[in-house]
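Report on the following structure.
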Ligand code: NAD
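Numbering (my numbering), first residue to last: 310 to 646.
What follows is the structure, given as structure tokens:
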């Protein structure tokens with residue numbers, strides 16, 4: 310049984326905690342919180358032991374009448390691996406604490422690649438994490454692009470990928486984010502950091518990315534153009550992507566016209582928090598002109614990295630191979646619509 314702790318019970322941390330708790334070969338030892346806000350109740354309802362993320366935070370929990378199982382240090386001593394889900398940049402500050410406790414750590418995509426020995430995506434880069442002490446699961450956008458470009462490169466060869474990312478302004482719970490009345494180039498310079506980040510997973514795939522921020526909270530949307538080395542057939546591309554467990558081809562006949570309907574579809578399917586763990590590729594958008602492939606995909610930023618974190622735990626702590634780990638994770642969570 311792999312003993313796991315989650316440091317930072319926010320948007321990603323609460324989802325990773327639930328996913329870990331669902332694995333028969335893992336035990337969720339506990340989660341940390343920085344303050345006794347509403348997330349405390351969510352953890353308590355699920356029976357998760359709560360630890361203080363920051364040592365001087367314990368008083369605030371006591372004042373709020375919240376019982377703690379201990380501090381972050383106590384949690385680190387009790388686990389085989391910690392999943393850092395702290396805000397962007399805080400993970401890097403937490404790294405020396407993990408090292409001091411000799412606890413292997415998984416970081417998230419908000420950290421620079423240099424925080425870890427390797428970046429991780431189960432589809433493109435599983436073995437690199439084998440036995441590592443520090444691994445970074447790449448961001449939601451990089452995860453989705455890696456899942457898409459890996460099979461295309463294996464089958465046709467990617468000469469050049471060009472992707473425009475229309476990013477959600479903030480997560481639904483982030484009341485302080487924006488824009489609220491504009492679409493903003495972010496960054497205004499091209500390429501954005503996403504392309505180089507994909508190359509942390511797929512070093513030989515040429516990819517340029519440009520990014521904008523839009524006044525939506527539900528999902529990111531990618532407009533993708535890939536020039537392939539060999540001329541594909543659009544039906545064969547469709548079948549190739551349909552065979553990928555973590556890609557959902559949104560069927561034309563379903564009448565799903567955007568992120569709102571997609572999230573509704575996920576909620577109707579009984580998904581926890583309406584989560585979509587898969588890339589959502591619009592089936593009718595898959596178009597081929599010569600060697601140029603075009604498609605749109607939507608990415609649920611709060612969810613797609615969650616199964617990847619579960620696989621990263623196995624890659625670091627066991628000898629289970631990639632296919633077996635992905636199959637187990639998919640089966641236990643119900644990945645694959
Ligand atoms: P979040 O703000 O929702 O959650 C972070 C949690 O960490 C909060 O509960 C916060 O109280 C807690 N925290 C604060 N200080 C801490 C500390 N010192 N130690 C431990 N925990 C602390 O953030 P998030 O959206 O879950 O993002 C977490 C990481 O995941 C970031 O690196 C982010 O870039 C990455 N990520 C986020 C998304 C997304 O869309 N939300 C997608 C993919 C990756």
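No residue lacks a Cβ here, since even glycine has one placed at the ideal position from N, Cα and C.
Would you decide whether residue 413 is buried or exposed? Buried here means 16 or more other CB atoms lie within 10 Å of its CB. By one-based count along the chain shown, residue 413 stands at place 104. Residue 413 comes out buried.
Beta-bridge partners of residue 589, as assigned by DSSP: Your numbering for residue 589 matches position 280 in the chain shown. Residue 589 is bridged by DSSP to 557, 607.
Since residue 327 and residue 581 should fall inside the 8 Å C-beta cutoff, what is the C-beta to C-beta distance between them, to a whole number of angstroms? Your numbering for residue 327 matches position 18 in the chain shown. Your numbering for residue 581 matches position 272 in the chain shown. Right, the Cβ-Cβ distance comes to about 6 Å (below 8 Å), so this counts as a contact.
Spatial distance of residue 559 from residue 379 (CA atoms): Here residue 559 is taken as the residue at index 250 of the chain shown, counted from 1. Here residue 379 is taken as the residue at index 70 of the chain shown, counted from 1. If I take the Cα positions, the gap works out to 45 Å.
Could you work out which residue in 548, 591, 346 is closest to residue 566 when comparing CA atoms only? Taking the chain shown and counting its residues from 1, one reaches residue 566 at position 257. When each option's Cα is compared against that of residue 566, the closest is 591.
Considering only their Cβ atoms, is the gap separating residue 514 from residue 546 smaller than 8 Å? Position 237 of the chain shown, counting from 1, holds the residue named residue 546. Position 205 of the chain shown, counting from 1, holds the residue named residue 514. Not in contact: residue 546 and residue 514 (Cβ atoms no closer than 8 Å).
Quickly, what does DSSP pair residue 342 with across the bridge? List them, please. The sequence position of residue 342 within the chain shown is 33, counting from 1. DSSP lists 361 as partners of residue 342.
So does residue 422 have its beta carbon nearer than 7 Å to some heavy atom of the ligand SAH? This structure lacks the ligand SAH; its bound ligands are the ligand NAD.
Tell me the DSSP bridge mates of residue 470? On the chain shown, residue 470 is found 161 positions in, with the first residue counted as 1. Its beta-bridge partners are 516, 535.
For residue 384 and residue 339, what's the separation of their Cα atoms in angstroms? The residue labelled residue 384 in the question sits at position 75 within the chain shown. The residue labelled residue 339 in the question sits at position 30 within the chain shown. Residue 384 and residue 339 have their C-alpha atoms roughly 7 Å apart.
Assigned exposure category for residue 618 - 16 Cβ within 10 Å defines buried: Reading the chain shown from its first residue, position 309 is the one you call residue 618. Buried, since its Cβ has 16 or more Cβ neighbours within 10 Å.
If the criterion is Cβ atoms closer than 8 Å, does the pair residue 510 and residue 445 meet it? Start at 1 with the first residue of the chain shown, and residue 510 comes out as number 201. Start at 1 with the first residue of the chain shown, and residue 445 comes out as number 136. Not in contact: residue 510 and residue 445 (Cβ atoms no closer than 8 Å).
Can you list, in chain order, the residues of its chain whose CB lies under 7 Å from that of residue 489, leaving out five sequence neighbours each side? As a working note, residue 489 is residue 180 in the chain shown. Result list for residue 489: 524, in chain order.
Could you tell me whether the Cβ atoms of residue 501 and residue 474 are closer together than 8 Å? Translated into the one-based positions of the chain shown, residue 501 becomes position 192. Translated into the one-based positions of the chain shown, residue 474 becomes position 165. Yes, these two residues count as a Cβ contact at 8 Å.
Option nearest residue 465 by Cα separation, candidates 350, 352, 550, 417: Numbered from its first residue, the chain shown carries residue 465 at position 156. Cα-wise, what sits closest to residue 465 is 550.
Could you check whether the Cβ of residue 495 sits closer than 8 Å to any Cβ belonging to chain D? In summary, chain D is missing from the structure at hand, where a single protein chain is found.
Quick check on this structure: which residue in 588, 399, 335, 354 has the alpha carbon closest to the alpha carbon of residue 626? Taking the chain shown and counting its residues from 1, one reaches residue 626 at position 317. The option with the nearest alpha carbon to residue 626 is 335.
To the nearest whole angstrom, what separates the beta carbons of residue 585 and residue 612, a pair I think is in contact under 8 Å? Counted from its first residue, the chain shown places residue 585 at position 276. Counted from its first residue, the chain shown places residue 612 at position 303. Contact holds; Cβ gap of about 6 Å.
Give the secondary structure of residue 481 by DSSP, where H, G and I count as helix, E and B as strand, and everything else as coil. Here residue 481 refers to the residue found at position 172 of the chain shown. Three-state DSSP puts residue 481 in coil, outside helix and strand.
According to DSSP, which residues form a beta bridge with residue 715? Because the chain in this structure spans residues 310 to 646, residue 715 falls outside the shown range and cannot be described.
When the Cβ atoms of the stretch 389-403 are set against those of the stretch 416-427, are three or more pairs found closer than 8 Å? Two segments are said to touch when three or more pairs of C-beta atoms, one from each, lie closer than 8 Å; by this definition the stretch 389-403 touches the stretch 416-427.
Following the continuous beta strand (DSSP E) through residue 429, name the residue where it begins and the one where it ends. Taking the chain shown and counting its residues from 1, the one referred to as residue 429 is at position 120. It spans 427-429 - the beta strand (DSSP E) in which residue 429 sits, taken as one unbroken run.
So residue 454 packs on residue 529, CB below 8 Å; how close in whole Å? What you label residue 454 is simply residue 145 of the chain shown in a count that begins at 1. What you label residue 529 is simply residue 220 of the chain shown in a count that begins at 1. Not really, about 10 Å apart at Cβ, beyond 8 Å.
Mind checking whether the beta-carbon of residue 530 lies closer than 7 Å to any heavy atom of the ligand NAD? Along the chain shown, read from residue 1 onward, the residue named residue 530 stands at position 221. No, the Cβ of residue 530 stays beyond 7 Å of every heavy atom of the ligand NAD.
My assumption, with CB atoms under 8 Å, is that residue 538 sits in contact with residue 463. Please give the rounded CB distance. Locating residue 538 in the chain shown gives position 229, counting from the first residue. Locating residue 463 in the chain shown gives position 154, counting from the first residue. A Cβ-Cβ distance of about 11 Å is found for the pair residue 538 and residue 463, leaving them out of contact under the 8 Å criterion.
Heavy atom of the ligand NAD less than 7 Å from the Cβ of residue 636, yes or no? Translated into the one-based positions of the chain shown, residue 636 becomes position 327. No, the beta carbon of residue 636 sits no closer than 7 Å to any heavy atom of the ligand NAD.
Helix, strand or coil for residue 327, going by three-state DSSP, please let me know. One-based indexing of the chain shown puts residue 327 at position 18. Residue 327 falls in the helix class under three-state DSSP.
Among 370, 461, 505, 321, which one has its Cα closest to the Cα of residue 432? Working through the chain shown from its first residue, we reach residue 432 at position 123. Checked all of 370, 461, 505, 321; the closest Cα to residue 432 is 461.
Report buried or exposed for residue 635, applying the criterion of at least 16 other Cβ atoms within 10 angstroms of its Cβ. Residue numbering aside, residue 635 sits at position 326 when the chain shown is read from its first letter. With 16 or more other Cβ atoms inside 10 Å of its own Cβ, residue 635 counts as buried.
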